[in-house]
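K.L.:
Quick one: this structure, given as structure tokens, is what I'll be asking you about.
There are 2 protein chains.
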Amino acid sequence: MTADLTIDLDRLMGRIAALGRIGALPGGGCKRLALTPEDAEGRALVTGWFRDLGLDVHTDVIGNCWAIRPGRSSGAPVVMGSHIDTVATGGLYDGVLGVLGGLEVIESAIQAGIETERPLAVAFFTNEEGARFAPDMMGSGVAQGGLDLDEILAKVGIDGVSVAEALAAIGAAGSHPVGALAPDTYLELHIEQGPVLEAEGLAIGVVTGVQGISWTEITVEGQAAHAGTTPMALRHDAGLVAARIAAEARAIADAFGPPQVATVGRIALTPDLVNVIPERAVLTVDLRNADEARLQAAEARLFAQAEAFAAAEGCRLSRRTLARFEPVAFDATLVDAVEAGAAALGLTHRRMPSGAGHDAQMFAPRCPSAMIFVPSQDGISHNIREYTAPEEIAPGVRLLAQVALARAGRVDQKGQTE
Amino acid sequence: MTADLTIDLDRLMGRIAALGRIGALPGGGCKRLALTPEDAEGRALVTGWFRDLGLDVHTDVIGNCWAIRPGRSSGAPVVMGSHIDTVATGGLYDGVLGVLGGLEVIESAIQAGIETERPLAVAFFTNEEGARFAPDMMGSGVAQGGLDLDEILAKVGIDGVSVAEALAAIGAAGSHPVGALAPDTYLELHIEQGPVLEAEGLAIGVVTGVQGISWTEITVEGQAAHAGTTPMALRHDAGLVAARIAAEARAIADAFGPPQVATVGRIALTPDLVNVIPERAVLTVDLRNADEARLQAAEARLFAQAEAFAAAEGCRLSRRTLARFEPVAFDATLVDAVEAGAAALGLTHRRMPSGAGHDAQMFAPRCPSAMIFVPSQDGISHNIREYTAPEEIAPGVRLLAQVALARAGRVDQKGQTE
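The following block contains the structure:
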């Protein structure tokens, strides 16, 4: 194999820290919601670094930005990317690592005099988090044709501003049309955002795909009544039905086994008084599985049981889908290459699905795509306590370099294409 | 038996409607929180009616008001009473019926030339609802020595105003000391506020006592984590523990059987997001039983199971008591008299405990006390839809008259004491 590329970990950590100061929160972490002034400042900082390296910087109409280092041949680039927007209580690593890690790979390659046959690119995509505008993975979804541009531009965010207005307000939209970024290969380095790698003491997650996601909002309508004077037999307790659904969600996850997960994150009762039987309960159920048939089976059991609980209590039940993504399987050859690269670098690793959504899943239908995970301390993300140590980041970036350069056709100073 | 007293149902319903116009809400019902300007207006209207009848009107330092029609002999009065304050979404009948029903008994007796050996009185008590100031049953509790006057005067309401300030603001405090109202007998006519009488097609509830009430707030502390990336085995889901406690509360009520009731009226999750495992859940459990030992057994089972659910999920649990009242048994002889009176008047009836708290329970330790229930449409109360038809009210007032006049020693025009 070719020698491991030497990366400058201090330079990378310095950039992560510098970007983290934009939108920094008092207790740590940062808030850099998509297309806000903070996002604009972050974009300026990162594209400045792109330009400092002499990369060709392009921005498309939805604000996706990519920077290309030309290859010896023309053709589609090998793209390393992710996002730089955060949730309202975000950390410094989610998304940022994939972008600045990709930048570090290119800068290290330039400094080492390593060229590639195909162009090599680093990119960030607009509004991956979905914390200001729904849906999430917006920029990558539009770029790859999964989402319709005009529909997306009209979406209104939590602050009443549309995507089109927000793009204009910070001048984030470029002139490149949707689809201008057509990668040969898409690679995304990311923190795991879960506890598995840390719990198992492993350096690398070889991501095999993204779990299918099913978000359902369930509304139960019962009848408010006095908690003291209403006999149990005459009650229509919407809160009880919600509680039974929440317990059933856990029972489904237990019965199906990994990788099935199930979460009830929200429960709202009306009127929410200590001595009044709830007349209304609204709850959300988040179901995920890497296998579409299993995910559908989990949904079917949950919905059937929810209906049965409601009927037994004399309540009405309705539900609406908040989000539904089928599982995505990453390109088998590319996943094998990531795994082989980890082994070649002597890094402990395991295959695993991603439980969270990522830009990579939007690219997967169009080009070979894969992801590399590094550990998250305590499995925490979307939280100011999000943390991955520099010595845990380094192996991920080395592996990203290994796979990206190989896919792009690495040519070392001696002129030999690998 | 003596002839049934003829009451003027139109006059009574007219007064209920007139009082209901004070603090009337747009959709019906009314809001007449304790010691507000609306309450002051209501007090003025009702005491005006008292004075129109030539009754001796007295007000004590906490704003309780009673009006006495002297008996042939001196001695403690037979008191008919309740309250005229309402909750924020109150109806026209809760409390008001007991006061204006008592007034109707006295006015009808005067018009029929019926006298009594003991004085006969009608009264209303300050802040029974507890909707502005905690605790509820405040005025009757202070009057009967169950609550300390100075402590109560210092209580601050939901609007930041103390009881003492609110009393002063509307001039509701009188000169009579605490304990000046010492009834020989206390009788309270009230709407059931529950569905039992309507469901069983009965006219009268012969109230045997008030259920013991146990309100507990339970806080579960787990750990927030990503709903997609956190395996089920590594979760500490505070929301799941709350859901299991809610289901257990119902299981306890089912296992114990009537009159045990159990209600989880509030559940609040933090951070309350669809894709984040709840790190914190706060819920309330309302347990009631007419038997103190059974109520303690219900509490013990609930608390033990809640601890077990928390431990199994790796969560911490804490709880605090929001309210705790032991069951109150009304005077057996007086309850028998109410039941016999209902039978004598040919009214369908059943014995039942009160699931809600009432002023009568504050009097019960000091003098023979009892209550009469009339049906509530759909069991609804503390709601602008609260309703009891005039033809359902009339039997309650007739029975109140029957029992009150008998206890006071009815003397008809012919001069014969019953």
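Residue numbers (the UniProt record's numbering), protein chains in the order written: chain A, 1 to 418; chain B, 1 to 418. Yeah, the Cβ is synthetic: ideal placement off N, Cα and C, and Gly gets one too.
Quick check on the burial criterion: 16 or more other C-beta atoms within 10 angstroms. Buried or exposed for A/E200?
P.N.:
One-based indexing of the first sequence puts residue 200 of chain A at position 200. Result: exposed.
K.L.:
Just how far apart, CA to CA, sit B/E198 and B/E299?
P.N.:
Indexing the second sequence from 1 puts residue 198 of chain B at position 198. Indexing the second sequence from 1 puts residue 299 of chain B at position 299. Going by the C-alpha atoms only, they are around 30 Å apart.
K.L.:
Given A/A401, which residues of its chain have a CB within under 6 Å of its CB, disregarding the five upstream and five downstream residues?
P.N.:
Stepping through the first sequence from its first residue, residue 401 of chain A is reached at position 401. Closer than 6 Å at the Cβ level, and outside the excluded window around A/A401, lie L5, V105.
K.L.:
Give me the chain A residues within the contact set of B/T284, using Cβ-Cβ distance strictly less than 8 Å, ordered along the chain.
P.N.:
Translated into the one-based positions of the second sequence, residue 284 of chain B becomes position 284. By Cβ distance, chain A contributes V274.
K.L.:
Beta carbons nearer than 7 Å to chain B: which residues of the region 177-211 of chain A have them?
P.N.:
Result list: E192, Q193, G194, P195, V196, A199, Q211.
K.L.:
Would you mind stating whether A/G90 and A/G29 have Cβ atoms separated by less than 7 Å?
P.N.:
Taking the first sequence and counting its residues from 1, one reaches residue 90 of chain A at position 90. Taking the first sequence and counting its residues from 1, one reaches residue 29 of chain A at position 29. For A/G90 and A/G29, yes; Cβs fall inside 7 Å.
K.L.:
Could you name the residues of chain A that B/W215 contacts, counting a contact when the two beta carbons are closer than 7 Å?
P.N.:
By one-based count along the second sequence, residue 215 of chain B stands at place 215. Going along chain A in sequence order, the residues near B/W215 (Cβ under 7 Å) are V274.
K.L.:
Looking at B/A246 and B/V264, is the spacing between their C-beta atoms short of 7 Å?
P.N.:
Sequence index remark: in the second sequence, residue 264 of chain B carries index 264 (1-based). Sequence index remark: in the second sequence, residue 246 of chain B carries index 246 (1-based). Their beta carbons are under 7 Å apart, which means B/V264 touches B/A246 by this criterion.
K.L.:
For the region 355-368 of chain B, which residues have a CB atom closer than 8 Å to at least one CB atom of chain A, in sequence order?
P.N.:
Listed in sequence order: G355, A356, G357.
K.L.:
Kindly list, in the order they appear in chain A, the residues whose Cβ is closer than 8 Å to that of B/R266.
P.N.:
To locate residue 266 of chain B, count along the second sequence from 1; it is residue 266. Near B/R266 (Cβ distances below 8 Å), the residues of chain A are L269, D272, L273, V274.
K.L.:
Locate the beta strand (DSSP E) running through A/M80, then write down its first and last residues.
P.N.:
Stepping through the first sequence from its first residue, residue 80 of chain A is reached at position 80. First-last of the beta strand (DSSP E) with A/M80: 78-82.
K.L.:
Quick one: is A/E151 buried, meaning 16 or more other Cβ sit within 10 Å of its Cβ, or exposed?
P.N.:
As a first step, residue 151 of chain A must be located in the first sequence, where it is residue number 151. Classification of A/E151: exposed, given that the 10 Å Cβ count is below 16.
K.L.:
Taking the straight line between their C-alpha atoms, what separation do you get for A/A356 and A/G75?
P.N.:
Here residue 356 of chain A is taken as the residue at index 356 of the first sequence, counted from 1. Here residue 75 of chain A is taken as the residue at index 75 of the first sequence, counted from 1. Looking at the two C-alpha atoms, the distance is approximately 31 Å.
K.L.:
What residues from chain A crowd round B/V57, counting only those whose CB sits closer than 8 Å?
P.N.:
Counting from one through the second sequence, the residue named residue 57 of chain B turns up at place 57. Per Cβ cutoff of 8 Å: no residues; B/V57 is ~32 Å from chain A at best.
K.L.:
What's the call for A/E391, buried or exposed, on a 16-neighbour Cβ count within 10 Å?
P.N.:
The residue labelled residue 391 of chain A in the question sits at position 391 within the first sequence. By the 10 Å Cβ count, A/E391 comes out exposed.
K.L.:
On a CA-only basis, which of A/V207, A/Q144, A/P258, A/F133 is nearest A/L189? Give me that one, please.
P.N.:
Stepping through the first sequence from its first residue, residue 189 of chain A is reached at position 189. Here the closest residue by C-alpha is A/V207.
K.L.:
Roughly how many angstroms lie between the CA atoms of B/R43 and B/A121, to the nearest whole one?
P.N.:
Working through the second sequence from its first residue, we reach residue 43 of chain B at position 43. Working through the second sequence from its first residue, we reach residue 121 of chain B at position 121. B/R43 and B/A121: Cα-Cα distance of roughly 16 Å.
K.L.:
Where A/A408 and A/L187 are concerned, what is the direct C-alpha to C-alpha distance, given to the nearest angstrom?
P.N.:
If you number the first sequence from 1, residue 408 of chain A lands on position 408. If you number the first sequence from 1, residue 187 of chain A lands on position 187. Near 12 Å, if we compare the C-alpha coordinates of A/L187 and A/A408.
K.L.:
Among B/L234, B/V285, B/G157, B/R72, which one has its Cα closest to the Cα of B/T216?
P.N.:
Numbered from its first residue, the second sequence carries residue 216 of chain B at position 216. Considering only alpha carbons, the answer is B/V285.
K.L.:
Which residues in the same chain as B/D60 place their Cβ atom closer than 6 Å to its Cβ, once the five residues preceding and following it in sequence are excluded?
P.N.:
Residue 60 of chain B sits at position 60 when you count from the first residue of the second sequence. If we look at B/D60 and ignore the five residues flanking it on each side, its Cβ neighbours are G174, H176, A180.
K.L.:
Check whether the Cβ atoms of B/V220 and B/C315 lie closer than 7 Å to each other.
P.N.:
Indexing the second sequence from 1 puts residue 220 of chain B at position 220. Indexing the second sequence from 1 puts residue 315 of chain B at position 315. Yes, Cβ-Cβ distance for B/V220 and B/C315 is below 7 Å.
K.L.:
If the criterion is Cβ atoms closer than 7 Å, does the pair B/E192 and B/F373 meet it?
P.N.:
Within the second sequence, the letter at position 192 stands for residue 192 of chain B. Within the second sequence, the letter at position 373 stands for residue 373 of chain B. Yes, these two residues count as a Cβ contact at 7 Å.
K.L.:
In whole angstroms, what is the alpha-carbon distance linking B/A243 and B/S140?
P.N.:
Here residue 243 of chain B refers to the residue found at position 243 of the second sequence. Here residue 140 of chain B refers to the residue found at position 140 of the second sequence. Distance between the alpha carbons of B/A243 and B/S140: 38 Å.
K.L.:
If you follow the alpha helix (DSSP H) that A/G101 is in, where does it begin and where does it stop?
P.N.:
Along the first sequence, read from residue 1 onward, the residue named residue 101 of chain A stands at position 101. 96-111 is the span of the alpha helix (DSSP H), which, as asked, contains A/G101.
K.L.:
Please return the same chain residues whose Cβ sits closer than 6 Å to the Cβ of B/P119, not counting the five positions on each side in sequence.
P.N.:
As a position in the second sequence, residue 119 of chain B is number 119, starting the count at 1. Excluding residues within five positions, the ones whose Cβ falls inside 6 Å are I68, P70, G71, P77.
K.L.:
Give me the Cα-Cα distance between B/L45 and B/A370, rounded to the nearest whole angstrom.
P.N.:
The residue given as residue 45 of chain B occupies position 45 in the second sequence. The residue given as residue 370 of chain B occupies position 370 in the second sequence. Looking at the two C-alpha atoms, the distance is approximately 27 Å.
K.L.:
Exposed or buried, which one is B/I158 when buried takes at least 16 other CB atoms within 10 Å?
P.N.:
The residue you call residue 158 of chain B lines up with position 158 of the second sequence. Under this definition B/I158 is an exposed residue.
K.L.:
Leaving out five residues before and five after B/R11 in sequence, what residues of the same chain have Cβ atoms less than 6 Å from its Cβ?
P.N.:
For the purposes of this step, residue 11 of chain B is taken as residue 11 along the second sequence, with counting starting at 1. Excluding residues within five positions, none has a Cβ falling inside 6 Å.
K.L.:
Anything in chain A within Cβ reach of B/P258, meaning under 7 Å, just list it in chain order.
P.N.:
Here residue 258 of chain B is taken as the residue at index 258 of the second sequence, counted from 1. Simply P231.
K.L.:
Can you say whether B/H111 is buried or exposed, counting buried as having 16 or more other CB atoms within 10 angstroms of its CB?
P.N.:
For the purposes of this step, residue 111 of chain B is taken as the residue at position 111 of the second sequence. As written in the sequence, residue 111 of chain B is Gln, which differs from the His given in the question. With fewer than 16 Cβ atoms within 10 Å of its Cβ, B/Q111 is classed as exposed.
K.L.:
With DSSP collapsed to three states, give me the class of B/S381.
P.N.:
Residue mapping note: residue 381 of chain B aligns to position 381 of the second sequence, counting from 1. Coil, per DSSP.
K.L.:
Output the distance between the C-alpha atoms of B/A168 and B/I384, rounded to the nearest integer angstrom.
P.N.:
The count along the second sequence starts at 1 and reaches residue 168 of chain B at position 168. The count along the second sequence starts at 1 and reaches residue 384 of chain B at position 384. Those two C-alpha atoms are separated by around 29 Å.
K.L.:
Under 9 Å Cβ-Cβ, which residues of chain A neighbour B/L234?
P.N.:
Working through the second sequence from its first residue, we reach residue 234 of chain B at position 234. Under the 9 Å cutoff, chain A gives G194, P195, V196, A199, G379.
K.L.:
Quick check: what's the CA-CA separation for B/R294 versus A/I393?
P.N.:
Walking along the second sequence from the start, residue 294 of chain B turns up at place 294. Walking along the first sequence from the start, residue 393 of chain A turns up at place 393. Distance between the alpha carbons of B/R294 and A/I393 is about 60 Å.
K.L.:
Beta-carbon within less than 8 Å of A/G228's beta-carbon, same chain only, minus the 5 sequence neighbours each way: which residues are those?
P.N.:
Translated into positions along the first sequence, residue 228 of chain A becomes position 228. Correct list, in chain order: N275.
K.L.:
Could you give the residue range of the beta strand (DSSP E) that holds B/D56?
P.N.:
Here residue 56 of chain B refers to the residue found at position 56 of the second sequence. From DSSP, the beta strand (DSSP E) with B/D56 extends over 56-59.
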